[in-house]
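Colleague:
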């Protein structure tokens, strides 16, 4: 039996890499310990911040050499592994290997759970609609009462929509009084805005902002008045 000389981990892995140069990647500028012969460490970028680029470059090269040696050892060992189907599985039927029966049972179980969930949801809806109490009425009577309740709720919603529409119409009437055109309504709004800005100028400690705003509104008001005069002329 041939004797194997025990080497330190780094030297042993380096010898493995050197024994198979066709299956490894050569790293230029890396010595036995993984150190750089030149100043390439200055441009080295690690995933995490490091305090010493020289040591980080050295340790990264050493780890890479170890990784390459392990890849070689793994690839050599995998070539001897038998990946064929065992003989005891060959005579088995397809449904026995694929577990078709198990899948069918699982699908039936899921279907049963879905039906139970649907029934439970239906019962919960009935309880919410009836209040959870026990009733001696026939189901047809209960359906009639439910239909009546739906009609009552529909009439209530219609009355609510009508009330909201009436209130909105009243608000529009207050905003835009009768006898005013659209342009006249905007002119009135701008005049009210100017009056408010004048009051803000009087009570504000820094009136410059409101003065500039009032001038802008005044320009808009003059433009609208001029357009209204041209339209009526």
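Residue numbers (our numbering): 1 to 233. We put the beta carbon where it would ideally sit given N, CA and C, even for glycine. As the structure is a computational prediction, the values presented were derived from the model and not from experiment.
#1: Can you tell which of 159, 101, 52 and 193 has its C-alpha closest to the C-alpha of residue 217?
#2: May I ask you to check if the CB of residue 170 is nearer than 7 Å to at least one heavy atom of the ligand MN?
#3: What are the boundary residues of the alpha helix (DSSP H) that includes residue 211?
#4: When you compare each of 128, 197 and 205 to residue 211 by their alpha carbons, which one comes out closest?
#5: Determine the contact status of residue 224 and residue 186, defining contact as a CB-CB distance below 8 Å.
#6: Is residue 73 helix, strand or coil when you go by DSSP?
#7: Find out if the Cβ-Cβ distance for the pair residue 207, residue 213 is shorter than 8 Å.
#8: DSSP state of residue 52, grouped into three classes?
#9: With DSSP as the reference, label residue 173 as helix, strand or coil.
#10: Do you know how far the Cα of residue 48 is from the Cα of residue 71?
#11: Kindly indicate the opening and closing residues of the alpha helix (DSSP H) around residue 186.
#12: Measure the beta-carbon distance from residue 42 to residue 53 and round it to whole angstroms, keeping in mind my assumption that it falls under 8 Å.
#13: According to the neighbour-count rule (16 or more other Cβ atoms, all chains shown, within 10 Å of its Cβ), is residue 61 buried or exposed?
#14: Using the Cβ count rule (16 or more neighbours within 10 Å means buried), how would you classify residue 144?
#15: Just to confirm before moving on: does the CB-CB distance between residue 172 and residue 220 stay below 8 Å?
#16: Taking C-alpha atoms, which residue in 227, 203, 233 and 195 lies nearest to residue 215?
#17: Does the beta-carbon distance from residue 286 to residue 56 come in below 8 Å?
#18: Here's a check: name, in chain order, each residue in its chain whose Cβ is nearer than 7 Å to the Cβ of residue 231, leaving out the five neighbours to either side.
Modeller: With the structure as the only source:
#1: Numbered from its first residue, the chain shown carries residue 217 at position 217. Closest by alpha carbon: 193.
#2: In the structure shown, the ligand MN is absent, as is every other ligand, since no ligand is present at all.
#3: As a first step, residue 211 is located in the chain shown; it is residue number 211 there, counting from the start. Start and end: 208-232.
#4: Position 211 of the chain shown, counted from the first residue, corresponds to residue 211. Residue 211 has its Cα closest to that of 197, out of 128, 197 and 205.
#5: The sequence position of residue 224 within the chain shown is 224, counting from 1. The sequence position of residue 186 within the chain shown is 186, counting from 1. Yes, the pair counts as a contact, with Cβ atoms nearer than the cut-off.
#6: Position 73 of the chain shown holds residue 73. Three-state result, residue 73: helix.
#7: What you label residue 207 is simply residue 207 of the chain shown in a count that begins at 1. What you label residue 213 is simply residue 213 of the chain shown in a count that begins at 1. Contact: no.
#8: Here residue 52 is taken as the residue at index 52 of the chain shown, counted from 1. The answer is coil: DSSP assigns residue 52 none of H, G, I, E or B.
#9: What you label residue 173 is simply residue 173 of the chain shown in a count that begins at 1. Helix, per DSSP.
#10: Walking along the chain shown from the start, residue 71 turns up at place 71. Walking along the chain shown from the start, residue 48 turns up at place 48. Taking the straight line joining both Cα atoms gives about 25 Å.
#11: Within the chain shown, numbered from 1, the residue matching residue 186 stands at position 186. Per DSSP, residue 186 belongs to the alpha helix (DSSP H) from 182-203.
#12: As a working mapping, residue 42 is identified with position 42 in the chain shown. As a working mapping, residue 53 is identified with position 53 in the chain shown. At roughly 7 Å, the Cβ-Cβ gap stays under 8 Å, so residue 42 and residue 53 are in contact.
#13: Position 61 of the chain shown, counting from 1, holds the residue named residue 61. When all chains shown are included, residue 61 counts as buried.
#14: Position 144 of the chain shown, counted from the start, is the residue given in the question as residue 144. The residue in question, residue 144, is exposed, as its Cβ has fewer than 16 Cβ neighbours within 10 Å.
#15: Walking along the chain shown from the start, residue 172 turns up at place 172. Walking along the chain shown from the start, residue 220 turns up at place 220. Cβ distance not < 8 Å, so residue 172 and residue 220 don't count as in contact.
#16: Translated into the one-based positions of the chain shown, residue 215 becomes position 215. The option with the nearest alpha carbon to residue 215 is 195.
#17: Residue numbering for the chain in the displayed model covers 1 to 233; residue 286 lies beyond these limits and cannot be assessed.
#18: Here residue 231 corresponds to residue number 231 of the chain shown, with the count starting at 1. So the list is empty, once near-sequence residues are dropped.
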